[in-house]
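One structure below.
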Amino acid sequence: MRLFFCKSPKMQPFKNMYKYILAFGSNVGDRQKNLHKSLILLNKHIMITKQSTWKETKPLSHPEYDTSDHENYVNFICEAETHYNPLELYCIISEIEDAIGHPRERRWMPRSLDIDILLCAEFENKPFSECKPYHYSEEPNFFVPHRDYFNRSFWRDMVEDEFKIPKEQILKHFKFY
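Once you know that position 57 of the sequence shown is 59 in the numbering used here, the rest is easy, because the numbers rise by one and skip nothing.
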C-alpha cells in the first residue's frame, strides 16, 4: 500500500545520476512474460547494465499472513543507471507494477510483478561496489537501502555471488534504517 502520492517525474537534463540494484519477482500468471514486460517498460526510464540469472524461489512466510497457498516466485536482480532519485524511480516502478498487476490492498499478497529498490549509489563510471552509497529515508515506509535486504537470502546471494558485492562491504558502506 502506497502511503504517499506518486506522480511520474519528467526527464530533466543535467540532474545527478544514480546506480541501483533492483529486485524483480513474479508469482502470478505467466511469470516470465510479466518480468519481460516489466523490463521493456522500465527500460524507457533506466539503462540496465547488468542482470542476474532468473531463479525460482518459494514464497516467504510471514507470521501475520498465510502464504502457504502462494505459487513460487521467479526472481532476478539487475543493476541500472538513471537520473531519477529513489523516490522518483519508486513512482515509476509503482506505475509499472500497477499496470502489470500488483495488488495494494494489503501486504504479502500474490502478485504478477514486484520490483524493489535494494541499493543505490551515486553514479560513477566504476563498478557498483566502488561507487559512493546513497541513502534515502525522507518518506515513511520507503527506505533505500531496502529494509528487508538481509531478510531475503535470495537477494543477498544474487548480489554477492553474481554481482560480486560482499556482505561485509554492504554492511560497512550502507546504513540500514
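In this text, a Cβ means the ideal position worked out from N, Cα and C, and glycines have one as well.
From a predicted model like this one, the values you see are computed outputs, not experimental measurements.
Buried versus exposed call for residue i [16 or more other C-beta atoms within 10 Å across all chains shown]
i	result
ALA82	buried
MET49	exposed
TYR67	exposed
ILE117	buried
Proximity to residue i [Cα-Cα], best of the options
i	options	result
ILE167	GLU132, TYR75 and LYS21	GLU132
ASP159	LYS21, ALA25, MET19 and ASN18	ALA25
THR69	PRO61, ALA123 and TYR75	PRO61
ASN74	SER63, TYR67, PRO88 and GLU58	GLU58
SER28	ARG149, ARG109 and ASN77	ASN77
HIS47	ILE94, ARG154, PRO129 and ASN153	ILE94
Coil, strand or helix - residue i by DSSP
i	result
LEU5	Below a pLDDT of 50, predicted positions are generally treated as unreliable, and LEU5, at 47, falls in that range; no measurement from the model is reported.
ASN77	strand
LEU121	strand
ASP187	The structure shown does not extend to residue 187, since the chain is modelled only from 3 to 179, so the question has no answer here.
Neighbourhood of residue i by C-beta, 6 Å cutoff - its chain only, sequence neighbours within 5 removed
i	result
THR55	none
CYS80	LEU24, ILE50 and GLN53
ASP150	none
Residue j beta carbon less than 8 Å from that of residue i
i	j	result
TYR138	LEU89	yes
PHE125	MET19	yes
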